[in-house]
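The block underneath contains the structure these notes are about, expressed in structure tokens.
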Amino acid sequence: MMTKNEKQALKTIGLTLFFLMMATTLLFAAVQEKVISKTFTPDRSRPLLVKVRGDGAEVHLSAVERGREGRARYRYNEDHFSGTMEWDSEQNRFETVLDMEGIDFNTDDEGSDSELGVMLPGGVPIDLDFSLKAGVLDLDGDGLEFNGLELYLWAGELTANFPTPSRRVIRRANIDVKMGETRLENLGNLAIEVLDVNGFAGACYIDLTGSVEMERQVRVDMEMGEIEVVVPKGATVEARISKLGFLAKVDLPRGWEKDGRYAYSPGARRGEADIRLDIRGGIGQITIVEK
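Our numbering puts the first residue of the sequence shown at 36, with every later residue one more than the last.
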């Protein structure tokens with residue numbers, strides 16, 4: 036039987052080992068994860084250029100709740116990722132580069148996180164230039180005003196929602212997700228004259244409803260996958276649809292007329308529609324919905 040002193044000694048050793056393990060765990064976690072952040076105050080009299088470049092990350096862009104200051108925060112595993120942030124007040128430009136080293140982005144390793152959050156002030160016209168090899172872009176445009184949109188993702192998921200109407204004209208916007216899912220909602224709240232949406236394989240959802248009425252041209256090109264375009268009910272729409280023979284199926288709203296590769300909503304005539312669609316699908320499903 037153990038004596039009282041032996042029990043106390045064993046208890047002391049156990050507690051010591053426990054605290055050593057906890058200290059090692061905390062030290063390891065501290066080495067593994069790193070956070071960098073930056074605040075910036077853009078000149079509201081000219082467009083704010085926001086550039087995001089990198090290999091892999093989960094990126095969230097949204098508006099600040101109040102104030103004129105922008106904020107960015109990047110959390111990452113420094114064994115696998117690295118990041119830089121720069122603010123150039125003369126150019127009115129915020130730029131961040133997110134690099135990945137030695138592993139695939141899609142991994143079950145909990146220590147391989149790479150997450151960027153950017154919150155931008157409202158009332159400033161934003162030129163968003165986004166390019167990522169792999170990952171996720173979640174863009175919440177509520178309260179933001181855009182001057183230009185260039186969004187590129189090699190593989191992953193891109194979601195963008197624009198619930199706030201803005202009549203600032205965007206001459207041309209480009210969105211390209213090579214492999215993965217693209218979901219664009221309330222694009223009719225942006226004054227985009229020409230919208231290009233491209234991809235190779237995946238699913239693409241484009242919602243053109245909103246409160247900004249204007250003539251629009253929307254060009255969609257996807258080799259394999261599903262394409263769904265939502266147009267405002269009552270708008271005149273001309274759709275030119277190219278597909279790979281019987282390998283692609285096309286569904287149109289009731290009451291639309293077909294003329295070869297073209298389809299027209301009720302009351303629409305060639306060259307005189309509010310919305311002109313040019314959809315090129317290879318293998319998969321093409322659907323146009325009125326809402």
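Even for Gly, the Cβ is constructed at its ideal location relative to N, Cα and C.
Alpha-carbon to alpha-carbon, residue j and residue i
i	j	result
residue 348	residue 71	No answer is possible for residue 348: the residues shown for the chain start at 36 and end at 326.
residue 101	residue 83	17 Å
residue 270	residue 219	19 Å
residue 120	residue 244	35 Å
residue 122	residue 131	9 Å
residue 91	residue 134	7 Å
residue 326	residue 171	28 Å
residue 116	residue 107	17 Å
residue 299	residue 126	45 Å
residue 89	residue 304	45 Å
residue 223	residue 242	8 Å
residue 163	residue 114	29 Å
residue 283	residue 124	50 Å
residue 278	residue 309	23 Å
residue 73	residue 67	21 Å
residue 214	residue 189	6 Å
residue 231	residue 256	8 Å
residue 193	residue 253	18 Å
residue 293	residue 153	45 Å
residue 136	residue 281	44 Å
residue 103	residue 191	32 Å
Start and end residues, beta strand (DSSP E) containing residue i
i	result
residue 115	Run containing residue 115: none; DSSP gives neither H nor E here.
residue 317	310-325
residue 330	The chain is shown from 36 up to 326; residue 330 falls before or after that span and cannot be answered.
residue 225	225-242
residue 188	180-196
residue 84	83-98
residue 215	201-220
residue 128	128-135
residue 152	149-155
residue 3	Here the chain comprises residues numbered 36 to 326, so residue 3 is not present and cannot be evaluated.
residue 74	68-75
residue 298	297-299
Residues of its chain near residue i, where Cβ-Cβ distance is below 6 Å and the 5 sequence neighbours each way are ignored
i	result
residue 105	75, 155, 156
residue 206	228
residue 240	218, 263
residue 129	75, 85, 122
residue 322	263, 286
residue 290	301
residue 159	77, 79, 83
residue 365	The first residue shown for the chain is 36 and the last is 326, placing residue 365 beyond what the model contains.
residue 238	216, 260, 261
residue 258	235, 317
residue 195	174, 219
residue 320	261, 284
residue 184	163, 208
residue 87	131, 165
Nearest to residue i (by Cα), restricted to the options the options
i	options	result
residue 327	307, 246, 314	One cannot answer for residue 327 here, as it falls past the ends of the chain, which runs 36 to 326.
residue 176	248, 225, 264	225
residue 248	237, 268, 162	268
residue 203	230, 161, 193	161
residue 81	191, 110, 180	180
residue 212	158, 168, 151	168
residue 297	312, 284, 288	312
residue 198	178, 208, 184	178
residue 96	185, 259, 173	173
residue 233	187, 201, 94, 250	187
residue 266	306, 283, 221	221
residue 324	308, 253, 318, 288	288
residue 93	307, 254, 166	166
residue 201	189, 246, 281, 253	246
residue 182	209, 292, 153, 150	209
residue 150	98, 69, 99, 184	69
Proximity test, residue i beta-carbon vs the ligand FMN heavy atom, cut-off 8 Å
i	result
residue 326	Within the structure as shown, the ligand FMN is missing, as the structure has no ligands at all.
Chain-order list of residues whose beta-carbon lies under 7 Å from that of residue i (same chain, five-residue window excluded)
i	result
residue 65	Note that residue 65 has pLDDT 48, beneath the 50 cutoff, so the model's placement of it is unreliable and the number below is only indicative. Excluding residues within five positions, none has a Cβ falling inside 7 Å.
residue 148	110, 111, 112
residue 250	309
Close-in-space but distant-in-sequence residues of the same chain around residue i (CB under 8 Å, 5 per side omitted)
i	result
residue 306	273
residue 99	105, 106, 154, 155, 156, 157
4 or more residues per run - each alpha helix (DSSP H) lying fully within the stretch 261-290: Listed in chain order, nothing qualifies, since the stretch 261-290 has no complete alpha helix (DSSP H) run of 4 or more residues.
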